[in-house]
Amino acid sequence: MYQIIADLHIHSIASGHAFSTVREIAMVAKQKNLQYIGLAEHGPSMPGGPAPIYFEARGHFPKKIDNIEVFFGAEIDILDEKSTLDLDDQMLKKIDYGIVSFHPQVYRGEIRSDYTSILIRALENPYINIIAHLGNPRYPVDYPMVVKKAVEYNKVIEINNSSFRVSRKGSLENCKIIAQEVKKQGGYIIVTSDAHYCDEVGDYQLSLDLLESINFPKEYIINTSPTKFQSYMNTFLKIRGRER
Ligand SMILES: [Zn+2]
Ligand SMILES: [Zn+2]
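The following block contains the structure:
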């Protein structure tokens, strides 16, 4: 059994297609005994997503709500085959952590696109810390190769619970292969909800079932212990020349 203490992939109403406020999200996190949450809003290229000014307003963003520590992240899209990201380095430096992702609403790509190289090039950016929903069959990649690069660059691979519930059909089998590969290569995983409504916060049972089915070691899941989680967050901040 794994105990998860942090959920770093949550969307608020600022995303334009999610349904709860930051405070509502924090209240649910508290009920579910989480200690940390992270808002990972999309970048400006997601239709209806926050404009750049959202990321500039972080001075107003709460660091703590009712004893829950709140981090200011972003789910950053890859825009094209050159791996252009939809937030520039200056913006990426202002957030606490960056999750990189592909979404068909932003980058449709071609059937033959080399998503492996496109993703690996994006991972070279030091402000990218986590890889979102890697098992999405819409963007096939060479899993052993991406995991190898993730280990080399110290990036964390996400197992996204929403992929098994409401979106990205066909992710389950791929995520099993990915988790096995991460286990084999000694990489790190983070379990997330990708909540778009507050009640979904801390909902990652399907991801945990998957990890349990392959006996994934809990030491390699970064959000199973406060010490490990904090040390990762501190690393993400340090890369940005900041402290919490
Ligand atoms: Zn996403
Ligand atoms: Zn998301």
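Just so we're aligned: the sequence shown equals residues 0 to 243 in the numbering used here.
Heads up, the beta-carbon is just placed ideally off N, CA and C, and yes, glycines get one too.
Between residue i and the rest of its own chain, which residues show a CB-CB distance below 7 Å, the 5 nearest in sequence each way excluded?
i: K175; result: L209 and I213
i: G42; result: G48, A73, I75, D76, D85 and L86
i: I120; result: According to the sequence shown, residue 120 is Arg rather than Ile. Counting only Cβ-Cβ distances below 7 Å, and skipping sequence neighbours, we find S82.
i: A264; result: Coverage of the chain is limited to positions 0 through 243, which leaves residue 264 absent and any answer about it impossible.
List the endpoints of the continuous alpha helix (DSSP H) containing residue i.
i: S19; result: Looking at the DSSP string, S19 is not in any alpha helix (DSSP H), and its letter there is neither H nor E.
i: K176; result: It should be noted that the sequence gives Ile, not Lys, for residue 176. Its alpha helix (DSSP H) spans residues S170 to Q184.
Which same chain residues, not among the five before or five after residue i, have their C-beta less than 6 Å away from its C-beta?
i: L171; result: F163
i: S206; result: I158, N160 and V190
i: F235; result: Y96 and N128
So residue i is in the beta strand (DSSP E); what residue range does that whole segment cover?
i: Y35; result: Y35 to H41
i: N159; result: V155 to N159
i: I67; result: I67 to D76
i: I4; result: First-last for I4: undefined, no H or E at that position.
i: I189; result: I188 to T191
i: V99; result: Y96 to S100
Just the C-alpha distance for residue i and residue j, rounded to the nearest angstrom, thanks.
i: G134; j: Y231; result: 23 Å
i: L91; j: K154; result: 15 Å
i: Q2; j: T223; result: 6 Å
i: E40; j: V27; result: 18 Å
i: I98; j: S192; result: 13 Å
i: P139; j: Y187; result: 20 Å
i: R243; j: R111; result: 42 Å
i: D113; j: K147; result: 17 Å
i: F54; j: A149; result: 26 Å
For residue i versus residue j, is the C-beta spacing smaller than 8 Å?
i: H16; j: A194; result: no
i: L33; j: A5; result: yes
i: S44; j: L7; result: no
i: K62; j: G201; result: no
i: I130; j: I156; result: yes
i: D88; j: K29; result: no
i: S19; j: Y196; result: yes
i: P136; j: N173; result: yes
### Message
Which residues neighbour ligand 2 when neighbourhood means a C-beta less than 5 Å away from any of its non-hydrogen atoms? List them by chain order.
### Response
This criterion selects E74 and D193.
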